[in-house]
Amino acid sequence: MPDSGLNTGAVAPALSTAQTEETFSLYRYDSDLKDRVSYLGPQSQIGEESLVSSLNQYYAVEEIAEYLLKNEQFRHITLQFPDSLVQDSSLIVQSLQEKLDLSCSGVKRKIWTLADTAYSACCVDEVASEHVKGDLVIHFGDACLNAVQSLPVLYAFGKPYLDLPQIISKFKDVHKDKEAKICLMADAPYSYGLAPLCDALEKDGFQNILYAIIDDSLAGNNAVILHQSSLRTRSYKEVGRLGNRVLVTNNNEIEPLDATNKVLRDDYALFHITIPQDPHLLFLTTQFNSIALYDPSSGSINEGPFPSLMKRYRNMHIARTAGCIGILVNTLSLKNTKEMINTLIRLIHSKGKKHYLFVVGKPNVAKLANFEPIEVWCILGCGQSGIILDQYNEFYKPIITPYELTMALQEDVTWTGQWMVGFSEVLAAIEEDVQDEQSSSGSAEDPDQPEFDAVTGKYVSTARPLRQIRHLEIGDSEEETSTSLIQSVSGGVLIKGTVSTAAAQMQNRQWQGLGSDFASQSHYEEDGATVEEGISGVASSYQFDRITRNAN
Numbered sequence: 096m097p098d099s100g101l102n103t104g105a106v107a108p109a110l111s112t113a114q115t116e117e118t119f120s121l122y123r124y125d126s127d128l129k130d131r132v133s134y135l136g137p138q139s140q141i142g143e144e145s146l147v148s149s150l151n152q153y154y155a156v157e158e159i160a161e162y163l164l165k166n167e168q169f170r171h172i173t174l175q176f177p178d179s180l181v182q183d184s185s186l187i188v189q190s191l192q193e194k195l196d197l198s199c200s201g202v203k204r205k206i207w208t209l210a211d212t213a214y215s216a217c218c219v220d221e222v223a224s225e226h227v228k229g230d231l232v233i234h235f236g237d238a239c240l241n242a243v244q245s246l247p248v249l250y251a252f253g254k255p256y257l258d259l260p261q262i263i264s265k266f267k268d269v270h271k272d273k274e275a276k277i278c279l280m281a282d283a284p285y286s287y288g289l290a291p292l293c294d295a296l297e298k299d300g301f302q303n304i305l306y307a308i309i310d311d312s313l314a315g316n317n318a319v320i321l322h323q324s325s326l327r328t329r330s331y332k333e334v335g336r337l338g339n340r341v342l343v344t345n346n347n348e349i350e351p352l353d354a355t356n357k358v359l360r361d362d363y364a365l366f367h368i369t370i371p372q373d374p375h376l377l378f379l380t381t382q383f384n385s386i387a388l389y390d391p392s393s394g395s396i397n398e399g400p401f402p403s404l405m406k407r408y409r410n411m412h413i414a415r416t417a418g419c420i421g422i423l424v425n426t427l428s429l430k431n432t433k434e435m436i437n438t439l440i441r442l443i444h445s446k447g448k449k450h451y452l453f454v455v456g457k458p459n460v461a462k463l464a465n466f467e468p469i470e471v472w473c474i475l476g477c478g479q480s481g482i483i484l485d486q487y488n489e490f491y492k493p494i495i496t497p498y499e500l501t502m503a504l505q506e507d508v509t510w511t512g513q514w515m516v517g518f519s520e521v522l523a524a525i526e527e528d529v530q531d532e533q534s535s536s537g538s539a540e541d542p543d544q545p546e547f548d549a550v551t552g553k554y555v556s557t558a559r560p561l562r563q564i565r566h567l568e569i570g571d572s573e574e575e576t577s578t579s580l581i582q583s584v585s586g587g588v589l590i591k592g593t594v595s596t597a598a599a600q601m602q603n604r605q606w607q608g609l610g611s612d613f614a615s616q617s618h619y620e621e622d623g624a625t626v627e628e629g630i631s632g633v634a635s636s637y638q639f640d641r642i643t644r645n646a647n
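When we follow our numbering, the leftmost residue of the sequence shown carries the number 96, and every step to the right adds one.
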């Protein structure tokens, strides 16, 4: 018998990934504080008890518990945390539950944590709260303050650590001219430090300073913002509004801004604490002469480059000749979402274009790539972080905003450089455009007017697929009374007299599904295989098995 190699000391090959004892051991972090330094401050020597106390102070747990005790109708409470603060959720729930249990009210409450929001973290996740029949949403972290549909909301922005002397030093490095006109702004959690910063800069000789406070009137009647009333006790002069902020100053000699904020765009520089999300940052670049961003976590200054409108202008021209537009809903909680959807549909139909409505949760490249007939996406989302800018060309089709779509579908493209993201402003612009379209509908319009893509320069024949094709001879006069739904014209497909964009997309594909490539094979038979009856029955007793047994 030949040697099989079993006694030669050979080692069997490893058929799986190498695994050691360390693979299954639980990794323990040395400290819970290293990820909290950015908002709790440099407290490296803090203990566990002090950590809980600092978190309770940061999240205003005492004030939240007091609010809940005064409003006993809230029994099912949901806490919404952004991804950066989810690590604190268990400690906050425990502290809040302990304070509620110590009360003598006798009201039983249940608390849930909403960790993974369905859409933007700055928006109230009303849908997730309704899954547990929530009565109240307590929203932590930065917020856009867009009014929600129905649920009551309690905003607790938090009070992060702010190194005021370092910010003043960085500010002076950027702005050396004390006569310069500067606006101070920050996200919601850091906004509490803008008034003290403005006071300190005015003592150093900077007199033309504006700073932004939160416009709590936008949140709606069902929303309450903690600590907001204390900020309103200061005396200041209101000079204008920008998005969800009110611009104020301590200098009474500064004139109020006009409705278009032209003075703001031409003369004022922005000093912003924290790095805004890309959509909000793009909006700010269109409102100020220059921008400097201060990052509290690193203490550094960023002066650009920032997102530009040039690519938005290109995508707008692509939408101008697009025949099939996808309306991508990136929020379900905002107050005017349904109205915006219906208004957009009317606008698209008035221009002879098709639309499809999509709700896919958080959009990504893989989800949107499944819908190939869509030529351009129009995203409905929060203007602060719910709009996709696609700075690195990851998505296969352009993504634009409702305001950009409104501009693209106008007869004459005129863009002043403004970039509107608020639903109310966009709705007003769309309504005006639709009314102009209806008033001019009686004027003579050439249906054969050619349309060209301004980006590629090519002729586009499917820019308005919903227009009625009356000038084409679809068939012989004898066939004019045909009731067929689909008819072919010059290699294309018409459905009820309109161009089918999906059929046109299918015809242009190199591979059109299983069986589409049979015609290219040399042994291809046009008649195909003969249809024969197959076997019937189940695996344990087919029909031919029963016939065989009966015959025997």
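Cβ coordinates follow ideal geometry from the N, Cα and C atoms, glycine included.
Note that the structure is a prediction, hence the values are computed from the model and not measured.
- Annotation for ALA417: GLU470 and VAL471 place their beta carbon closer than 6 Å to its own, counting only its chain and skipping 5 residues before and after.
- Setting aside the 5 residues that flank it on each side, HIS375 is surrounded in the same chain by GLN479, each with a C-beta closer than 6 Å to its C-beta; the list follows chain order.
- A Cβ-Cβ distance of about 40 Å is found for the pair ILE440 and ASN397, leaving them out of contact under the 8 Å criterion.
- Rounded to whole angstroms, the Cβ separation of VAL343 and TYR306 is 6 Å, and the two are in contact under 8 Å.
- Taking TYR498 as the centre and dropping the five residues before and after it, the same chain places the C-beta of TRP514, MET515, VAL516, GLU520, VAL521 and ALA524 closer than 8 Å to its C-beta, in chain order.
- The residues VAL455, in chain order, have a CB closer than 7 Å to that of LYS462 in the same chain once the five nearest residues on each side in sequence are set aside.
- At a cut-off of 3 residues, the continuous stretches assigned as beta strand (DSSP E) that sit fully inside the stretch 268 to 336 are 277 to 281, 304 to 309 and 318 to 320.
- Here LYS449 is not near ASN425, since their CB atoms are 9 Å or more apart.
- In this structure ALA275 does not touch ALA155 by the C-beta definition: roughly 36 Å separates them, more than the 8 Å allowed.
- Listed in chain order, the non-local C-beta contacts of ALA318 below 7 Å within the same chain comprise VAL248 and TYR250, local neighbours out to five positions each way being set aside.
- Taken through DSSP and simplified to helix, strand or coil, GLU157 comes out as helix.
- For the 9 Å CB-CB criterion, CYS477 and ILE494 do not form a contact.
- In the DSSP assignment, ASN397 falls outside any alpha helix (DSSP H) and lies within the beta strand (DSSP E) extending over 395 to 397.
- If one requires a minimum length of 4 residues, the alpha helix (DSSP H) runs lying completely within the stretch 190 to 226 are 221 to 226, in chain order.
- Assignment of SER264 by DSSP, reduced to helix, strand and coil, places it in the helix class.
- Given a length threshold of 4 residues, each whole run of the alpha helix (DSSP H) inside the stretch 393 to 469 is given here in chain order: 405 to 415, 432 to 445 and 460 to 464.
- In summary, HIS226 is exposed, with fewer than 16 beta-carbon neighbours lying within 10 Å of its beta-carbon over all protein chains present.
- A Cβ-Cβ separation of about 7 Å places GLN175 in contact with THR212 under the 8 Å criterion.
- For the 9 Å CB-CB criterion, ALA503 and MET411 form a contact.
- In this structure, the alpha-carbon of TYR214 lies about 31 Å from that of GLY447.
- With contacts defined by Cβ atoms closer than 9 Å, TYR389 and GLY253 do not form a contacting pair.
- Excluding five sequence positions before and after LEU257, the CB atoms of its chain that fall closer than 6 Å to its own CB belong to GLY288, given in chain order.
- In the three-state reduction of the DSSP assignment, ILE172 falls in the strand class.
- A straight line joining the alpha-carbon of SER149 with that of GLU157 spans about 12 Å.
- In the DSSP annotation of this structure, ARG131 is not part of any beta strand (DSSP E), being labelled neither H nor E.
- Shown here, ILE525 sits in a helix according to DSSP, grouped into three states.
- A Cβ-Cβ contact shorter than 9 Å links ILE368 with ALA281.
- The C-alpha of ILE320 lies about 12 Å from the C-alpha of CYS239.
- Distance from the CA of GLU167 to the CA of ARG204, rounded to the nearest whole angstrom, comes to 9 Å.
- Relative to the Cα of GLN382, the nearest Cα in the group PRO391, PHE366 and SER392 belongs to PHE366.
- Using a Cβ distance threshold of 9 Å, PHE301 and LYS265 do not count as a contacting pair.
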